[in-house]
Structure formats: structure tokens, C-alpha cells
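Read through the structure below, which is laid out as C-alpha cells, and then see the notes.
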Amino acid sequence: MGRGKIVIRRIDNSTSRQVTFSKRRNGIFKKAKELAILCDAEVGLMIFSSTGRLYEYSSTSMNSVIDRYGKTKEGQQVVTNPNSELKVFTPQLLYSEVSLEVKLMYILFRSHDNI
């Protein structure tokens, strides 16, 4: 007998929400690490909590993962459901507009951690 399905919606109780965030964050980091080890994949994962705290995992260095992503072949694109909230960009558009912001946030959080 498997686990029951849950409705995916915001958790109203702040304590329960924080516990769920912590458990799921640890679970996704574990999956990212397993993927990197088992499949010899270069993996980078960044999560920002609702309070703005940065959590990250990278199988190499986060900068190299971001740089590699930005250098992917032009025109490579993922097809997704147009009704989805997931926005799809070509790597160059994403790298030029979003990755700069991600890099700046990464540098900002890194420098803040070292203070």
C-alpha cells in the first residue's frame, strides 16, 4: 500500500510550511547529488526560501554550471505546455537576461555569508 496523494497548494500553517520546506529541500538535494554520482552529470541547484535565504548544491562549482548553461548550443529549447507556469527561454536569452541576475544574486549572497 502506497502513500496517499496530497493536494499541491500553499500550506497555511507557517510551522508546517517550514518543516515541509526543510524536508523537501533536503530530499531534492539528495536527488541532485544521487543524479550527479550515478549518472556522472554536472548538476547545479539553487533554492531561495520565502525569507530570501539561498540554499545551493553543485556537483562542481555553481559558476561553472551557470557558465556551461550559458554556452549551450543556440536554439536548443524545451517544449512545454503553453498553459504551464514554467517559462521557456532559449539558452542565450536566459543566459543574457536571467543568468546575469542569478550570478549577481549568487555573488551578493556569497559575499553576505562571508561578512
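Quick note on my numbering: the sequence shown kicks off at 11 and runs consecutively. Yeah, the Cβ is synthetic: ideal placement off N, Cα and C, and Gly gets one too.
Legend entry - Range covered by the beta strand (DSSP E) that runs through Gly54: Residue range Gly54 to Phe58 is occupied by the beta strand (DSSP E) that includes Gly54.
Legend entry - Local conformation of Ser68 per DSSP, three classes: Ser68 falls in the strand class under three-state DSSP.
Inset, instruction - Name the residue from Ser69, Tyr79 and Asn73 whose alpha carbon lies nearest to the alpha carbon of Cys49. - result: It is Ser69.
Inset, instruction - Can you say whether Ile3 is buried or exposed, counting buried as having 16 or more other CB atoms within 10 angstroms of its CB? - result: Here the chain comprises residues numbered 11 to 125, so residue 3 is not present and cannot be evaluated.
Legend entry - N- and C-terminal bounds of the alpha helix (DSSP H) containing Ile18: Premise fails: Ile18 is in no alpha helix (DSSP H) and is neither H nor E.
Inset, instruction - Please determine, among Tyr67, Ala51, Ile47 and Ser59, the residue with the shortest C-alpha to C-alpha distance to Thr30. - result: Answer by Cα proximity: Ser59.
Legend entry - Counted within 10 angstroms of its Cβ, other Cβ atoms place Gly54 as buried (16 or more) or exposed: Counting of Cβ neighbours within 10 angstroms places Gly54 among the buried residues, the total reaching 16 or more.
Inset, instruction - Specify, as a first and last residue, the run of the alpha helix (DSSP H) that Arg34 falls within. - result: In the DSSP assignment, Arg34 falls within the alpha helix (DSSP H) that extends over Ser24 to Cys49.
Legend entry - For Lys41, the nearest candidate out of Asn23, Tyr67 and Gly62 (CA to CA): For Lys41, the nearest C-alpha among the options comes from Tyr67.
Inset, instruction - Give a yes or no on whether the C-beta atoms belonging to Arg13 and Arg20 are separated by under 9 Å. - result: Not a contact, by the Cβ cut-off of 9 Å.
Inset, instruction - Look at Ser74 and Glu44 and say whether their C-beta atoms are less than 9 Å apart. - result: Not a contact, by the Cβ cut-off of 9 Å.
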